[in-house]
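**Q** Structure in structure tokens, see below.
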Amino acid sequence: MTQTSPPLILAIDTSCDDTAAAVTLGRVVLANVVAAQTDLHRPYGGVFPTVAKQAHKENIKPAVNKALKQAGVTLQQLDAIAVTLGPGLAPALEVGIELAQELAKAWQKPLIPINHIEAHALSSLARANKKIYSISPLLTAKKNLEKIDHKLIAQLPLSNKISFNQQNIFPVLAIVVSGGHSEFIKINQLGSYEILGQTIDDALGEALDKVGRMLGLGYPAAPVIEKVAIHGDENKFKFPLPMTTSGDFNLSYSGLKTAASRLVSQLQADSQLNQQAILDLAASFQYACFRHLTYKLNKLLIDQNYSVDKKPFKQVWLGGGVSQNNKLRKMLRKILRSYQLKLFTPYSKKICSDNAAMVGIAANFHWAISLADSNFLKLDRKPSWSINK
33 MTQTSPPLIL AIDTSCDDTA AAVTLGRVVL ANVVAAQTDL HRPYGGVFPT
83 VAKQAHKENI KPAVNKALKQ AGVTLQQLDA IAVTLGPGLA PALEVGIELA
133 QELAKAWQKP LIPINHIEAH ALSSLARANK KIYSISPLLT AKKNLEKIDH
183 KLIAQLPLSN KISFNQQNIF PVLAIVVSGG HSEFIKINQL GSYEILGQTI
233 DDALGEALDK VGRMLGLGYP AAPVIEKVAI HGDENKFKFP LPMTTSGDFN
283 LSYSGLKTAA SRLVSQLQAD SQLNQQAILD LAASFQYACF RHLTYKLNKL
333 LIDQNYSVDK KPFKQVWLGG GVSQNNKLRK MLRKILRSYQ LKLFTPYSKK
383 ICSDNAAMVG IAANFHWAIS LADSNFLKLD RKPSWSINK
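In our numbering, the protein residues as written are 33 to 421.
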């Protein structure tokens, strides 16, 4: 590959229940469109795959068109198209992959397959689309321009924000916490990943959602738990600290969820599940979930013989839907502070939950290491695709 300037990428994600399309220029997010399906799945108390697939089919093309319009570019001007291949719901993934392949073939663009967890892990590297990054002058300068002039892009002020210097950054510890995944990932270099620990049952977001529904907080319940927990006492109800003798850095939220279920049943039986009890239980359960994560994080850093002179991780990146939670961020920063580590988070909470902008960011780095030299026109969905495979 001869091009060294940042690529202009259309990214697509239909991994679960949000139909997403974005346009990125290197690390800069020019447009990020998400069509949520929350209302469709609320009656089921969770994502119903066939319903998600049908909604994706209806929303995907309008989302792509809107993203291109917001970014001020055309399909012809793109350098590549990126799409989430997995992990995710197989019927949902299928919709995004089919459209990406169709567009790549029609416009003869390289197609870059992206791992959804990798995208979450790298989401902190995204940069906001500020006026200083605007490429609209480049497009209006020549109406019939078929390709973006990358030499002009390189001359834009603060263009160093678009590129990325990998020197003195790695290894990085990425913490991905979402509705379906909870993982500690060591990033040796971009494209080289090692799972240090992961949930052996329920994911963090899944546990919060399920207990939130037990408390009548609706769907999705995790964001509501954060809001109501502010008014509760996190020390009111005691929960066990899971897996303290496991000897590894894996996580488990099934036991905490079961303990919460029993407590809710007991309070209901005793006619004590009043409004304040719900607030206290929400706060206590949220704290217990985050305490488990931070306990394992601390254990991981201790095991690495972390010291000022020996830093097995130079940075910590946080991604995934639950990473929006301010309480979690505060607890993580408290642990990391003692190791002189800084927690990096996405510039916007919109980049935390499922979106296509993070897919474009990941694709930017795959492009940089020449993985976009070939056209991947025969892609197949990978519902259980692990980041380290």
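Don't be surprised by glycine CBs; every beta carbon is placed ideally from N, CA and C.
Could you pull out every residue in the same chain whose Cβ sits closer than 7 Å to the Cβ of G120, ignoring the five residues on either side in sequence?
**A** Closer than 7 Å at the Cβ level, and outside the excluded window around G120, lie S47, C48, H148, P415.
**Q** Considering only residues of the region 72-131, which uninterrupted alpha helix (DSSP H) runs meet the minimum length of 4 residues and lie entirely inside it, listed in chain order?
**A** 81-103
**Q** If you run the structure through DSSP and keep just helix, strand and coil, what is S385?
**A** S385: coil per DSSP, three-state reduction.
**Q** Nearest by alpha-carbon distance to S293: which of A261, A103, L305 is it?
**A** L305
**Q** Does P378 pass the burial test, meaning 16 or more other C-beta atoms within 10 Å, or should it be called exposed?
**A** Around the beta carbon of P378, 16 or more other beta carbons lie within 10 angstroms, which makes this residue buried.
**Q** Between which two residues does the alpha helix (DSSP H) carrying Q300 extend?
**A** 286-301
**Q** Touch check for the region 251-260 and the region 284-291: three-plus C-beta pairs under 8 Å?
**A** no
**Q** Does DSSP put L143 in a helix, in a strand, or in coil?
**A** strand
**Q** Which parts of the region 309-347 are runs of the alpha helix (DSSP H), unbroken and 4 residues or longer, counting only runs that do not cross its ends?
**A** none
**Q** Please classify L368 as buried or exposed, where buried requires at least 16 other C-beta atoms within 10 Å of its C-beta.
**A** Label assigned to L368: buried.
**Q** Assuming contact is defined by CB atoms lying nearer than 8 Å, are Q356 and K374 in contact in what I supplied?
**A** No, the Cβ-Cβ distance between Q356 and K374 is not below 8 Å.
**Q** Which value, in whole angstroms, describes the spacing of the CA atoms of L240 and Q318?
**A** 7 Å
**Q** Can you name the start and end residues of the beta strand (DSSP E) that A160 belongs to?
**A** Segment: none, A160 is in no beta strand (DSSP E) and carries neither H nor E.
**Q** Note down the Cα distance separating A136 from L117, rounded to an integer number of angstroms.
**A** 15 Å
**Q** Do you know how far the Cα of D312 is from the Cα of F202?
**A** 41 Å
**Q** In the DSSP assignment, find the alpha helix (DSSP H) that holds A254 and state where it starts and stops.
**A** 254-261
**Q** Quick one: is T106 buried, meaning 16 or more other Cβ sit within 10 Å of its Cβ, or exposed?
**A** exposed
**Q** Less than 8 Å separating the beta-carbons of V61 and A52?
**A** no
**Q** Just reading off the alpha helix (DSSP H) that A151 is part of, what are its end residues?
**A** Per DSSP, A151 belongs to the alpha helix (DSSP H) from 148-153.
**Q** Would you kindly report the start and end of the unbroken beta strand (DSSP E) that includes G229?
**A** It spans 224-230 - the beta strand (DSSP E) in which G229 sits, taken as one unbroken run.
**Q** Measure the C-alpha to C-alpha separation of H213 and I41 and round it to an integer number of angstroms.
**A** It is roughly 26 Å from the alpha-carbon of H213 to the alpha-carbon of I41.
**Q** Helix, strand or coil for L283 per DSSP?
**A** strand
**Q** So D111 packs on D386, CB below 8 Å; how close in whole Å?
**A** 24 Å between Cβ atoms; not a contact.
**Q** Would you mind sorting L273 into buried or exposed? The rule is 16 or more other CB atoms within 10 Å of its CB.
**A** Here L273 is exposed: its Cβ has fewer than 16 other Cβ atoms, across all protein chains shown, within 10 Å.
**Q** Please classify T56 as buried or exposed, where buried requires at least 16 other C-beta atoms within 10 Å of its C-beta.
**A** buried
**Q** I need the DSSP call for D45, collapsed to helix, strand or coil.
**A** strand
**Q** Give the DSSP-derived three-state secondary structure of Q221 in the structure shown.
**A** strand
**Q** For I227 and I262, I'd like the C-alpha separation in whole angstroms.
**A** 33 Å
**Q** Kindly indicate the opening and closing residues of the alpha helix (DSSP H) around I367.
**A** Going by DSSP, I367 is part of the alpha helix (DSSP H) stretching over 358-369.
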